[in-house]
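S.K.: Numbering (the working numbering), first residue to last: 4 to 274.
Just so you know, even glycine gets a beta-carbon here, dropped at the ideal spot from N, CA and C.
Owing to the predicted nature of the structure, the values given are computational and were not obtained by experimental measurement.
Below: one structure in structure tokens.
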Ligand SMILES: NC(=O)c1ccc[n+]([C@@H]2O[C@H](COP(=O)([O-])OP(=O)(O)OC[C@H]3O[C@@H](n4cnc5c(N)ncnc54)[C@H](O)[C@@H]3O)[C@@H](O)[C@H]2O)c1
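This is the structure:
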């Protein structure tokens, strides 16, 4: 049976862990050649090796998405190796803001760091990948936003600002590509609470406001997600595969919410 992204070349930023890792594995199983980019030089090569051993095609390229210089090198490397780029998933992101009890506790340097990765990184990904994608006849761009890019929550304002920015950036780039008639579709994905390593990386007490208990995504989701549990990275990856593949060829400027029902409303559940 032919894979859903057979013969396509895909770049996944932040591809070494969590949601990115699940996307890499699924794309490779579905026939794509996957370029895993990440700052994590341990997990990245390990994942590429695992995918290759399982019969898939993947390589790892070390990349900090905030470096424009590195973006130029990455795109040149992809052009040299494969001569094309069909799918670009701008997934790398961090959640510093999630631990901050109030916006008045947030430092300007943390605000800037989060913006640099979550927003500047996405801008640079599009700026540098679009020309190669256009040259080779179009494709699909998927940007990882969040439920936090759709609605507000206390303590999440800085993170939400980046993810809300990604949401409308995706829609505007979708319009730019549609107007150009370049065959490139652009959509955003909005995960709810997904059990990945990101939750363990949220700095506790980084603001000087005392140590916060580490956030347990399963516990949090049990209380607030209508489906009563945290999502799995693979459940986001299957949505990304749909947007990346030709199955979604009439879908652009759209937002795919995968959140166990959180954006739709709430259900009361006994503790
Ligand atoms: N897990 C969730 O509940 C959740 C919910 C909504 C949105 N998201 C978003 O999904 C995306 C993936 O998150 P995850 O949960 O898989 O987290 P994760 O921490 O498991 O993975 C993120 C990856 O991004 C990489 N990364 C971080 N900074 C980078 C940089 N400067 N350059 C390149 N790579 C960098 C990390 O090394 C890591 O491999 C993020 O954009 C996140 O905001 C996650």
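1) Between 133, 153, 190 and 154, which has its C-alpha nearest residue 79's C-alpha?
2) Per DSSP, what kind of secondary structure is residue 272 in: helix, strand or coil?
3) Which residue comes first and which comes last in the beta strand (DSSP E) that contains residue 16?
4) Is it buried or exposed for residue 52, if we count other Cβ within 10 angstroms and need 16 for buried?
5) Which value, in whole angstroms, describes the spacing of the CA atoms of residue 123 and residue 219?
6) Helix, strand or coil for residue 190 per DSSP?
7) Out of 74, 260 and 147, state which residue places its alpha-carbon closest to the alpha-carbon of residue 66.
8) Should residue 54 be listed as close to ligand 1, given that the test is whether its C-beta is under 7 Å from any heavy atom?
9) Note down, one range per segment and in chain order, each alpha helix (DSSP H) of at least 4 residues found wholly within the region 197-254.
10) Just to confirm, does residue 117 get its C-beta within under 7 Å of one of the non-hydrogen atoms of ligand 1?
11) Give me the residue from 47, 110 and 8 with the minimum Cα distance to residue 99.
12) For residue 139 versus residue 20, is the C-beta distance shorter than 8 Å?
13) Would you list the residues sitting across from residue 144 in a DSSP beta bridge?
14) Where do the ends of the alpha helix (DSSP H) carrying residue 125 lie?
15) Helix, strand or coil: which one does DSSP assign to residue 4?
16) Which of helix, strand or coil does DSSP assign to residue 175?
M.R.: Taking the geometry as given:
1) 133
2) coil
3) Where residue 16 is concerned, the enclosing beta strand (DSSP E) stretches over 12-16.
4) exposed
5) Approximately 28 Å between the Cα atoms of the pair.
6) strand
7) The shortest C-alpha separation from residue 66 is found at 74.
8) no
9) If we require 4 residues or more, the alpha helix (DSSP H) runs fully inside the region 197-254 come out as 201-204, 220-227 and 236-247.
10) Outside the cutoff, so no.
11) Residue 99 has its Cα closest to that of 110, out of 47, 110 and 8.
12) no
13) 91 and 189
14) 124-138
15) Low per-residue confidence applies at residue 4: pLDDT is 47, beneath 50, and the placement is therefore not dependable, though the value from the model is reported in the following sentence. If DSSP states are grouped into helix, strand and coil, residue 4 belongs with coil.
16) In the structure shown, residue 175 adopts helical secondary structure according to DSSP, grouped into three states.
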